[in-house]
Amino acid sequence: MENFLEQMSEILEVDQVNLGDNLEGFEAWDSLATLSIIAMADEEFGVSIVNQEITDAKTVEGLYNLILSKQNA
2 MENFLEQMSE
12 ILEVDQVNLG
22 DNLEGFEAWD
32 SLATLSIIAM
42 ADEEFGVSIV
52 NQEITDAKTV
62 EGLYNLILSK
72 QNA
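Note that the sequence shown covers residues 2 to 74 in the numbering used here.
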């Protein structure tokens, strides 16, 4: 999880993210951030996610749980 949080903070251009943080609350939240998350999920976790799933996840924790659930599917 630590690696995931580090990558998310880099994508979202902040020093640190917390599990409860709302994705849309970040200043850097835009289509490029979404594409970066899709690429990160594929490269680092070997799962494919789409924009709508990211939107539905709502929080950093929701996104992490989404990726884990796809890994375990």
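Where a beta carbon is used, it is the ideal one built from N, C-alpha and C, also for glycine. It should be emphasised that the depicted structure is a prediction, and the values quoted were computed from it without experimental measurement.
Can you tell me which of the three DSSP states residue i falls into?
i, result
"N19", "coil"
Between the options, which has its C-alpha nearest residue i's C-alpha?
i, options, result
"M2", "Q53, A74 and E62", "E62"
"W30", "I55, A74 and Q72", "I55"
"S49", "N23, M9, S70 and A34", "S70"
"V51", "I39, S10, E44 and Q17", "I39"
"T60", "F46, Q17, S37 and E25", "E25"
Would residue i pass as a contact of residue j if the rule is Cβ separation under 9 angstroms?
i, j, result
"N66", "A74", "no"
"L20", "L6", "yes"
"E28", "E14", "yes"
Hey, residue i and residue j are a contact pair by Cβ (cut 8 angstroms); roughly how many whole angstroms apart?
i, j, result
"A42", "I68", "5 angstroms"
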